[in-house]
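K.L.:
In the working numbering, the protein residues as written are 30 to 187.
Beta carbons are placed, not taken as given, at the ideal position from N, Cα and C, and that holds for glycine.
A single structure is presented below for examination.
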């Protein structure tokens, strides 16, 4: 009995030892949020570089997208418009991201300012983009995008 009490006492004492106060456990939610934001940032950078090979790493094989004109684009064509030069971005700026993670799914909205051309037509403007990602094989990948023209910002209060 004394031996059981001694072992119990040592276990309780060790719980309060300085070694127990090392690094706090990783906050998995914050870690996943950071991973999603990193995937979105890197995917945006690949898009701005017109890098179709890199885009294929950030988009799931079965992605869907709705353009600002309401046209549904699917992964069937891959990134052929980017590869052919039909779709060219000069710059992409992402602002005001709001991202939520729900297990293996994440949703992010942001304000995106684009300078570029599609089939020679200017596609520049400011848009609101809603992106859905899923975690597949340990990586966050884009499965859906909805893009719409952003409402004009209200004038600053005077």
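Does DSSP put residue 129 in a helix, a strand or coil?
P.N.:
strand
K.L.:
Since I believe residue 118 is in contact with residue 170 (beta carbons under 8 angstroms), could you give me their beta-carbon distance rounded to a whole number of angstroms?
P.N.:
That pair is no contact at about 20 angstroms.
K.L.:
Apart from the five residues on each side of it in sequence, which residues of its chain come closer than 7 angstroms, Cβ to Cβ, to residue 179?
P.N.:
140, 155, 156, 157
K.L.:
Identify whether residue 122 lies in helix, strand or coil by the three-state DSSP scheme.
P.N.:
strand
K.L.:
When the Cα atoms are used, what is the spatial distance from residue 85 to residue 70?
P.N.:
A direct Cα-to-Cα measurement between residue 85 and residue 70 gives close to 14 angstroms.
K.L.:
Mind checking whether residue 122 and residue 142 have CB atoms under 8 angstroms apart?
P.N.:
A contact, by the Cβ cut-off of 8 angstroms.
K.L.:
To which residues of the same chain is residue 79 closer than 7 angstroms at the C-beta, ignoring the five residues directly before and after it?
P.N.:
111, 117, 118
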